[in-house]
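Following: one structure in structure tokens, then a few remarks.
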Amino acid sequence: MAQKLPIMNIALIGYGKMGKAIEATALERGHEIVLKIDVNNVNEFTPENVSKADVAIEFTGPHTALGNILKLLEFGVPVVSGSTGWLNQWEEVKRICAETNGTLLYASNFSIGVNLFFELNKKLAALMHPHSDYTVSLEEIHHTAKIDAPSGTAITLAEQIMEVYPEKKEWVNDVEPKEDQLLIVSKREDPAPGTHTIFYKSEVDDISITHTAHSRKGFALGAVLAAEYAKDKKGILTMKEVLGV
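Heads up: take any position in the sequence shown, counting from 1, add 139, and you land on our numbering.
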């Protein structure tokens, strides 16, 4: 396991399966959980309670994440967020983070393996783009309780590919794509913590890369590492900085 840093006091905003996995990993690394917020105690989400924390880790859902992040920035605590489905408000959040001299580290996926997979995805796309005989598409598989589709991780992968493939103007989900569209297929099956595959297909052969999560532990460790990194920093941060890739 990665090297431990000095003990932190952590506020968990969101205490579902992911929040509990983060708690377990944080405790293993010697940190303390000083606040746990879920739907049953939102009245305790106050400046006084949050001020006890060195950093807040926010894992909720697309309908609550934005409000939680803005509130934490207002309260003056560094924020690590893995909630997806709210990035249409990204520019507003960046502006408020700057205005409050705050700290926000957002990732669509905190898994160390997935973040290395992101780098592999960009490299493979650059190698494949000159070869027009290959068509590119993506597939993601998650458990049936996952609300948003496609996943935030799949969207990140698609956006990375579109940076290399300028002829792809947008991604589409579970529909027949046009030539200027990149297809993401979303499947919901149990049990499935998360599988992401990029396919390059031609008449003569196929090439694919896949990341498969076996449990939430990888996501939890990445989130805690991100919190350790963000604790004493300012501004918008990324997992690339945490991992040095």
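No residue lacks a Cβ here, since even glycine has one placed at the ideal position from N, Cα and C.
Using a threshold of 7 Å, state whether the C-beta atoms of Ala-246 and Ser-222 are closer than that.
-> Locating residue 246 in the sequence shown gives position 107, where the first residue counts as 1. Locating residue 222 in the sequence shown gives position 83, where the first residue counts as 1. Their beta carbons are not under 7 Å apart, which means Ala-246 does not touch Ser-222 by this criterion.
DSSP three-state call for Arg-234: helix, strand or coil?
-> In the sequence shown, counting from the first residue as 1, residue 234 sits at position 95. Residue state, collapsed to three classes: helix.
Whose C-beta lies closer than 7 Å to the C-beta of Phe-256 among residues of the same chain, with five residues either side of it excluded?
-> The count along the sequence shown starts at 1 and reaches residue 256 at position 117. Counting only Cβ-Cβ distances below 7 Å, and skipping sequence neighbours, we find His-350.
Beta-carbon separation (whole angstroms), Phe-198 vs Gly-158, contact threshold 8 Å = Locating residue 198 in the sequence shown gives position 59, where the first residue counts as 1. Locating residue 158 in the sequence shown gives position 19, where the first residue counts as 1. About 6 Å separates the two Cβ atoms, so the contact holds.
Under a Cβ-count criterion, where at least 16 other Cβ atoms within 10 Å of its own Cβ denotes burial, should Asp-329 be classed as buried or exposed?
-> Here residue 329 corresponds to residue number 190 of the sequence shown, with the count starting at 1. With fewer than 16 Cβ atoms within 10 Å of its Cβ, Asp-329 is classed as exposed.
Starting from the C-beta of Asp-287, find all residues in its chain whose C-beta is less than 6 Å away, skip the five residues before and the five after it, and write them out in chain order.
-> Translated into positions along the sequence shown, residue 287 becomes position 148. Correct list, in chain order: Pro-201, Thr-223, Gly-224.
May I ask you to report which of helix, strand or coil DSSP gives Lys-373?
-> Sequence index remark: in the sequence shown, residue 373 carries index 234 (1-based). Reduced to three states, the DSSP call for Lys-373 is coil.
Could you give the DSSP three-state label for Trp-229: helix, strand or coil?
-> The sequence position of residue 229 within the sequence shown is 90, counting from 1. In the structure shown, Trp-229 sits in a helix (DSSP, three-state: H, G or I).
Tell me which same chain residues have a C-beta within less than 8 Å of the C-beta of Arg-355, skipping the five on either side of it?
-> The residue labelled residue 355 in the question sits at position 216 within the sequence shown. Here the set comprises Lys-156, Met-157, Ala-160, Pro-332.
Please classify Tyr-339: does DSSP put it in a helix, a strand, or coil?
-> For the purposes of this step, residue 339 is taken as the residue at position 200 of the sequence shown. DSSP places Tyr-339 in strand when its eight states are reduced to three.
Got a sec? Which residues, its chain only, sit under 6 Å from Glu-171 by beta carbon, not counting five neighbours each side?
-> Mapped onto the sequence shown, residue 171 falls at position 32. Excluding positions up to five away in sequence, the list reads Asn-148.
What is the rounded straight-line gap between the Cα of Lys-370 and the Cα of Gly-357?
-> Here residue 370 is taken as the residue at index 231 of the sequence shown, counted from 1. Here residue 357 is taken as the residue at index 218 of the sequence shown, counted from 1. So the alpha carbons of these two residues sit roughly 20 Å apart.
Taking all protein chains shown into account, decide if Ala-293 is buried (16 or more other Cβ within 10 angstroms of its Cβ) or exposed.
-> Indexing the sequence shown from 1 puts residue 293 at position 154. With 16 or more other Cβ atoms within 10 Å, it is buried.
Measure the alpha-carbon distance for Met-140 versus Met-267 and round it to whole angstroms.
-> Taking the sequence shown and counting its residues from 1, one reaches residue 140 at position 1. Taking the sequence shown and counting its residues from 1, one reaches residue 267 at position 128. In this prediction, Met-140 scores a pLDDT of 47, lower than 50, which makes its location untrustworthy; no coordinate-derived value is stated.
Is Arg-213 helix, strand or coil by DSSP?
-> Position 74 of the sequence shown, counted from the first residue, corresponds to residue 213. In the sequence under discussion, the amino acid at residue 213 is Glu, which differs from the Arg named in the question. DSSP places Glu-213 in helix when its eight states are reduced to three.
Note down, in chain order, each residue of its chain lying with its Cβ closer than 6 Å to the Cβ of Thr-334, except the 5 sequence neighbours on either side.
-> Looking up residue 334 in the sequence shown gives position 195. Once the five neighbours on either side are set aside, the close Cβ partners of Thr-334 are Ile-280, Thr-351.
Around the Cβ of Glu-187, are there at least 16 other Cβ atoms within 10 angstroms (buried) or fewer (exposed)?
-> In the sequence shown, residue 187 corresponds to position 48, counting from 1. That one is exposed.
Beta-carbon proximity check, Thr-164 vs Val-363, cutoff 7 Å | Position 25 of the sequence shown holds residue 164. Position 224 of the sequence shown holds residue 363. The answer is yes: Cβ separation under 7 Å.
Which residues share a DSSP beta bridge with His-281?
-> In the sequence shown, counting from the first residue as 1, residue 281 sits at position 142. Answer by DSSP bridge pairing, in chain order: Arg-327.
Outcome for Ile-300 when other beta-carbon atoms lying within 10 angstroms are tallied against a minimum of 16 = As a working mapping, residue 300 is identified with position 161 in the sequence shown. Ile-300 is buried by the Cβ-count criterion.
If we ignore side chains and look at the alpha-carbon of each, how far apart do Leu-212 and Ala-297 end up?
-> In the sequence shown, the residue the question calls residue 212 occupies position 73. In the sequence shown, the residue the question calls residue 297 occupies position 158. Going from the Cα of Leu-212 to the Cα of Ala-297 covers about 29 Å.
Tell me whether Lys-175 sits in a helix, a strand or coil according to DSSP, three-state version.
-> Walking along the sequence shown from the start, residue 175 turns up at place 36. In this structure, Lys-175 counts as strand in the three-state DSSP scheme.
Cβ of Ile-208 within 7 Å of Cβ of Leu-151?
-> Counting from 1 along the sequence shown, the entry for residue 208 is found at position 69. Counting from 1 along the sequence shown, the entry for residue 151 is found at position 12. No; because the gap between Cβ atoms is not below 7 Å, this pair is not in contact.
If we cut at 7 Å on Cβ distances, does Gly-153 have a partner in chain D?
-> Within the model displayed, chain D is absent; a lone protein chain is all it includes.
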